[in-house]
Amino acid sequence: MTQAAAPTANLATADTDIHDRLRAGEYRQAFTLLLPRYRDKVFRLSFSMLRDRTWAEDATQDTLLRVWRALPGFAGQSALSTWIYAIAKNSCLSELRKKRPLVSIDNDDEYDAEVAGLAVTDSDDSATVSVGQLLDQLPERYRQAVTLFYMEDKSYEQTAASLGLPLGTVKALLHRARKRLVELTRESSVDLTGA
Amino acid sequence: MSAPTPIDPTEAHVLAWNDRLQDWLDGDLSDADRCAVDAHLATCSICPGQLEELRELDTLLSTAAPRLSLSETFDARLMLEVDAFDHQQRARLRQKLEQERQQQLQSLARGWKQSLAFVVPGVVAALGLIFALVGSLDHSGISRSLTAESAGELGHNAALYVQVAFIALIGGGIGLTVARWLSSAAD
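Residue numbers (this note's numbering), protein chains in the order written: chain C, 204 to 398; chain P, 4 to 190.
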């Protein structure tokens, strides 16, 4: 039986030490603290959008460099995590727009073959390929929510934080995505056991 | 106008319970709701099959989720970029400070030149005033009476020094005042 992931620590209070360093103008120390805390999450978020490991790593580096440059100007107007994930999303959108100028993810509930084809699945494992083919048929928002949810060890809170969406919205996206995936598996007769 | 297509009862049932079954699977139900779903699963002929499909999908998605990690050199490469950016910033700041320093030096040089340009005429004007004042005092007899009083008390040489000091004080005061006024007028 699957278990819900333990709730993550309150994201606003989790970065108090970083905020203290920023207020004191100790930007290098603040960056040294936030790097191990956020680099993997930014990486997973980037991968959920770009679906290519190398591309996601480059986007992660670009994101963290932008964070470093903008750190002196961060005045705590939002949670640090929200700010960082927003930079990551914009960074990935910029990368996607280089290939397709009109790409938009936020309001797209329809399956878009062109967007799905921009990124490439990364594995040659047969179960992953089957899942990848199924995910490719989902609208971009659903696909991203599902990918990130399972990469974040099924944490609704972390998925919502990374996507910058309310918890209820993430749950709704996930439910619709899984419902659609079950329908797709019936239509394509894909063996869900992965055999 | 055609009549709406009737909804298949099985499909309607699946739709009605799908969200709750997913929440059950994710452990996202309260104890009371979980018991309600358990009770329903015990009696429903449709939902156990639906739950099994969802469970299999969940397992497949969990298994297939990429377990990614950044390359070992990621941090090192990032900090090189950070240091390069800092170096550029410091170079720009040094350039800006140097420009400001040059501007201040030029401004100071201009200030000195202006001061000299106006102080010299100011001193000359002051000297002219002094001579005019001395001449006027001599002509009126005031200085003669002042030095006569001093000579009586201090001796003739001392009286001369007093006269010179008196004239120098007045002249210096007038000269400084005129020079400052001219300098501020120039600014």
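A virtual CB, placed ideally from N, CA and C, is assigned to each residue, including glycine. Predicted, not measured: the structure shown is a model, and the values here were computed from it.
Next on the checklist: Quick check on DSSP: helix, strand or coil for C/Gly279?
Outcome noted: coil
Checklist entry - Touching or not, the stretch 342-360 of chain C and the stretch 376-393 of chain C, by the rule of three or more beta carbon pairs under 8 Å? => result yes
Checklist entry - The alpha helix (DSSP H) spanning C/Arg269 covers which residue range? => result Arg256 to Ala273
Next on the checklist: As a quick exercise: from C/Tyr241, C/Asp218 and C/Tyr359, pick the residue whose alpha carbon is nearest that of P/Ser2.
Outcome noted: Chain P is shown only over 4 to 190; residue 2 of chain P falls outside these bounds and no answer can be derived.
Checklist entry - Smallest Cα separation from C/Ile221: which of C/Ala363, C/Glu260 and C/Phe277? => result C/Phe277
Checklist entry - From the beta carbon of C/Trp271, is the nearest beta carbon of chain P less than 8 Å away? => result yes
Checklist entry - Should P/Gly176 be flagged as near chain C, meaning a C-beta pair shorter than 8 Å? => result no
Item to check | Collapsed DSSP secondary structure at P/Pro3 in the structure displayed | outcome: The structure shown has nothing for residue 3 of chain P, since chain P only spans 4 to 190.
Item to check | Members of the stretch 238-259 of chain C that neighbour chain P once the beta carbon cut-off is set at 8 Å | outcome: Leu238, Arg242, Asp243, Phe246, Arg247, Phe250, Arg256 and Ala259
Checklist entry - Do C/Ser333 and C/Leu351 have their CB atoms nearer than 8 Å? => result no
Next on the checklist: Three Cβ pairs or more, each shorter than 8 Å: is that satisfied between the stretch 49-56 of chain P and the stretch 9-28 of chain P?
Outcome noted: yes
Item to check | C-beta neighbour in chain P for C/His222, strict 8 Å | outcome: no
Checklist entry - Going along chain C, which residues have a C-beta under 7 Å from P/Gln25? => result His378 and Arg381
Item to check | When C/Glu390, C/Gly371, C/Asp223 and C/Met354 are compared against C/Gln340, the one with the closest alpha-carbon | outcome: C/Glu390
Next on the checklist: Any beta carbon of chain C sitting closer than 8 Å to that of P/Pro12?
Outcome noted: no
Item to check | Residues that C/Tyr353 contacts on chain P, provided the C-beta gap is smaller than 7 Å | outcome: Leu64, Ser65 and Ala68
Next on the checklist: Can you pull the chain P neighbours of C/Lys302, defined as C-beta to C-beta under 7 Å?
Outcome noted: Those do not exist, as C/Lys302 stays about 21 Å from chain P at its closest Cβ, beyond 7 Å.
Checklist entry - So C/Thr388 and C/Leu337 are in contact, right, with Cβ under 8 Å, and what is the actual spacing, rounded? => result 7 Å
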